[in-house]
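Step one of this worksheet: look at the structure below.
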Ligand code: BGC
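Numbering (this note's numbering), first residue to last: 5 to 446.
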């Protein structure tokens with residue numbers, strides 16, 4: 005159960021979920037500030053105003069990572085700390101915060117992996133249409149280029165977008181995440197402009213010429229047929245078109261899946277593709293970021309050709325199945341589908357709401373058992389030839405879980421949201437041991 009030499013272990017977080025200090029250091033308003041402050045958007049009425057207060061406690065958090073033997077750390081930059089209005093006037097204090105964080109990481113021998121966009125769009129850009137406006141793609145590339153220039157001497161691993169599937173669909177079609185819209189036409193525009201923003205950022209990265217590596221992180225499920233029929237097998241392919249290929253195919257130069265374009269067009273919604281866009285989006289990347297939490301059982305039906313079938317495995321508090329085999333399965337599939345790219349598992353983890361026991365210890369057994377299962381599957385996929393080089397556990401600590409507020413815990417470190425005290429859980433000890441040994445035989 006040994007992982008390949010040089011395989012890296014780390015944890016992941018995102019700015020709005022941990023930083024807090026939303027009105028400090030010259031930070032501008034983001035769409036998540038606006039959304040979380042609207043009534044009934046977040047189930048427990050909480051916001052990211054304070055979150056884990058990481059903005060003030062980043063040193064302790066980095067020390068904790070070092071104690072746990074972490075080798076790399078994936079975090080995101082709040083765009084509105086750098087450009088409070090999305091573009092134009094830069095805020096040096098915002099940049100200084102990330103410089104302090106990066107220096108701290110490097111001093112402890114932890115490699116930074118920087119996500120440029122993890123959903124907290126500057127509100128000023130939303131006010132001109134957000135991702136539905138082509139200008140946002142350009143503004144994203146300008147912001148990215150600025151960070152490549154300022155941080156590219158210390159940060160060598162860059163992720164453009166985190167999960168365009170989730171922020172486009174949940175934010176623009178289903179309305180349950182910021183900016184809370186429900187419009188198919190807007191969704192189509194948001195998808196295309198997000199992907200265009202990714203491509204423009206990759207081009208800016210190459211133009212900067214500093215070296216290092218850049219890629220995109222997509223949200224994934226391992227799709228499985230509800231039964232062995234050819235109809236279910238077809239439904240699985242539709243699910244892959246709408247949720248997986250839509251965001252991978254264009255990056256690998258294959259354009260958007262025809263089935264998806266047709267579905268949107270039949271409903272009067274269009275992808276605003278201009279000449280040259282698909283070439284821009286296909287700008288070669290250095291790795292593929294894979295986020296995965298579960299599988300989805302699918303069956304034929306609905307306007308897209310697939311619907312979810314009733315779950316057959318135990319459910320986690322997030323409502324999806326505890327399906328540890330899904331990570332290895334998906335990695336095998338995606339490696340084959342796209343010609344064996346270099347893969348970083350940029351997120352994988354378990355929602356386990358275990359609270360401290362009477363002695364203060366947090367025995368998050370579900371997280372431990374499932375993490376081991378996910379990693380066994382991953383180990384198998386690597387043995388079969390998948391080129392996976394790093395694994396980032398979501399998440400370092402319990403944090404603001406978007407529309408679920410503080411009701412869902414993903415951390416290997418417990419956060420007491422009253423006192424903000426951090427306490428490593430049993431899973432943190434287990435994960436640290438695995439990381440140290442580079443093996444599951446611990
Ligand atoms: C997101 C994270 C989120 C995690 C757990 C991913 O979709 O990138 O921000 O907290 O899943 O739900």
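Every residue, glycine too, gets a C-beta built ideally from N, C-alpha and C.
Nearer than 7 Å: is that true of the beta carbon of residue i relative to any heavy atom of ligand 1?
| i | result |
| --- | --- |
| residue 182 | no |
| residue 414 | yes |
| residue 166 | yes |
| residue 18 | yes |
| residue 83 | no |
| residue 127 | no |
| residue 352 | no |
| residue 170 | yes |
| residue 344 | no |
| residue 139 | no |
| residue 295 | yes |
| residue 313 | no |
| residue 405 | yes |
| residue 398 | yes |
| residue 21 | yes |
| residue 143 | no |
| residue 223 | yes |
Using the Cβ count rule (16 or more neighbours within 10 Å means buried), how would you classify residue i?
| i | result |
| --- | --- |
| residue 323 | exposed |
| residue 413 | buried |
| residue 193 | buried |
| residue 293 | buried |
| residue 137 | buried |
| residue 120 | buried |
| residue 368 | buried |
| residue 219 | buried |
| residue 233 | exposed |
| residue 281 | buried |
| residue 245 | buried |
| residue 359 | exposed |
| residue 288 | exposed |
| residue 271 | exposed |
| residue 344 | exposed |
| residue 351 | buried |
| residue 300 | buried |
| residue 116 | buried |
| residue 316 | exposed |
| residue 429 | buried |
| residue 336 | buried |
| residue 319 | exposed |
| residue 43 | exposed |
| residue 49 | exposed |
| residue 37 | buried |
| residue 78 | buried |
| residue 387 | exposed |
In terms of DSSP beta bridges, what is residue i paired with?
| i | result |
| --- | --- |
| residue 391 | 346 |
| residue 30 | DSSP, once it has assigned bridges, lists no residue as partnering residue 30. |
| residue 427 | 418 |
| residue 328 | DSSP output for residue 328 lists no bridge partner at all. |
| residue 3 | The requested residue 3 is not part of the displayed model; the chain covers only 5 to 446. |
| residue 229 | 302 |
| residue 126 | 34 |
| residue 163 | 119, 219 |
| residue 372 | The partner list for residue 372 (beta bridge, DSSP) is empty, contrary to what the question assumes. |
| residue 351 | 295 |
| residue 339 | According to DSSP, which records beta bridges pairwise, residue 339 is partnered with nothing at all. |
| residue 224 | 296 |
| residue 397 | 15, 352 |
| residue 319 | 325 |
Please confirm if residue i has its CB atom under 8 Å from at least one CB of chain C.
| i | result |
| --- | --- |
| residue 401 | In summary, chain C is missing from the structure at hand, where a single protein chain is found. |
| Are the segment 107-121 and the segment 424-437 touching, with three or more C-beta to C-beta distances below 8 Å? | no
| query | Between the segment 160-170 and the segment 195-203, do at least 3 Cβ pairs fall closer than 8 Å? | reply | yes
| said: Using a Cβ distance threshold of 8 Å, determine whether the segment 290-304 contacts the segment 219-231, with at least three qualifying pairs required. | reply: yes
| query | Below 8 Å, can you find three or more Cβ-Cβ pairs linking the segment 238-252 to the segment 298-309? | reply | Yes, they touch.
| request: Please confirm if the segment 142-154 is in contact with the segment 83-96, defined as three or more CB-CB distances below 8 Å between the two stretches. | output: yes
| query | Are at least three pairs of beta-carbons, each pair with one atom in the segment 395-402 and one in the segment 23-39, less than 8 Å apart? | reply | no
| said: When you compare the segment 370-382 with the segment 328-340, are there three or more beta-carbon pairs, one atom per stretch, that lie closer than 8 Å? | reply: yes
| query | Is it true that the segment 7-20 meets the segment 383-399, where meeting means three or more beta-carbon pairs spaced less than 8 Å apart? | reply | yes
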